[in-house]
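For reference, the structure discussed in these notes is given below.
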Amino acid sequence: MLLDLARLFLFPALVAFAAASDLLTMTISNRVSVLLVAGFLVMAAASGMPLNDVLMHLGAGLLVLVVAFACFAFGWIGGGDAKVAAASSVWFGFAFLLNYLAYAAAFGGVLTLLLMEFRSWPMPYALNGQTWLLRLHHKESGIPYGIALAIGALMVYPETPWIRAVDLGRFVLP
Numbered sequence: 001m002l003l004d005l006a007r008l009f010l011f012p013a014l015v016a017f018a019a020a021s022d023l024l025t026m027t028i029s030n031r032v033s034v035l036l037v038a039g040f041l042v043m044a045a046a047s048g049m050p051l052n053d054v055l056m057h058l059g060a061g062l063l064v065l066v067v068a069f070a071c072f073a074f075g076w077i078g079g080g081d082a083k084v085a086a087a088s089s090v091w092f093g094f095a096f097l098l099n100y101l102a103y104a105a106a107f108g109g110v111l112t113l114l115l116m117e118f119r120s121w122p123m124p125y126a127l128n129g130q131t132w133l134l135r136l137h138h139k140e141s142g143i144p145y146g147i148a149l150a151i152g153a154l155m156v157y158p159e160t161p162w163i164r165a166v167d168l169g170r171f172v173l174p
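Quick note on this note's numbering: the sequence shown kicks off at 1 and runs consecutively.
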């Protein structure tokens, strides 16, 4: 029961927190990425995942980390986004990695277009006291890509063995 609850809520809560943090502060704490990887390792051990599979999942995360940090070096994404993308990829492994990255890229494109449009409008006077919204509205601000990463992750996560292993019958009221 506890393992099923962890499968249902740990990963989604962490990526949702990363998205909210990126939206409100334009930063994602390193702790979120560390918790994602540590959570994966604990869940893999608790689920009895074979060591070879664990290593493949870690390899997927490492691959994404290398590519994401190249993107960071070119100024295309933030460092927190790069780390969260890699840490989230560990949960998906190679089996679901392309789906995750495709969703994240698609939602990232939509988010970018929406923010460009939002930034072309004048800020309503009633919202001028909202620091996070002013930061988001500023044309020189980056894109809080953690939102797209979280949406992409939450789109793919239900398809993974993490959720398929959950006994949903335990949560049905008699």
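We put the CB at the ideal spot given by N, CA and C, even for glycine. Since we're looking at a predicted model, the values are computed, not measured.
Asked	Found
Which residue marks the beginning of the alpha helix (DSSP H) containing Thr-131, and which one marks its end?	131 to 137
Can you give the Cα-Cα distance for Phe-94 and Val-66, rounded to whole angstroms?	15 Å
Identify whether Asn-128 lies in helix, strand or coil by the three-state DSSP scheme.	coil
Sort Phe-9, Ala-13 and Ala-19 by Cα distance to Gly-146 and report the nearest one.	Ala-19
Thinking C-beta only, is Phe-72 closer than 8 Å to Thr-160?	no
Tell me which residue opens and which closes the alpha helix (DSSP H) that Ile-28 is part of.	Premise fails: Ile-28 is in no alpha helix (DSSP H) and is neither H nor E.
Three or more beta-carbon pairs under 8 Å between the segment 118 to 130 and the segment 74 to 85, yes or no?	no
Whole angstroms are fine: how far does the CA of Asn-99 sit from the CA of Val-156?	7 Å
Helix, strand or coil for Ser-88 per DSSP?	helix
Please state the DSSP three-state secondary structure of Thr-112.	helix
Using only CA atoms, which one of Leu-168, Leu-149 and Val-110 lies nearest to Ala-16?	Leu-149
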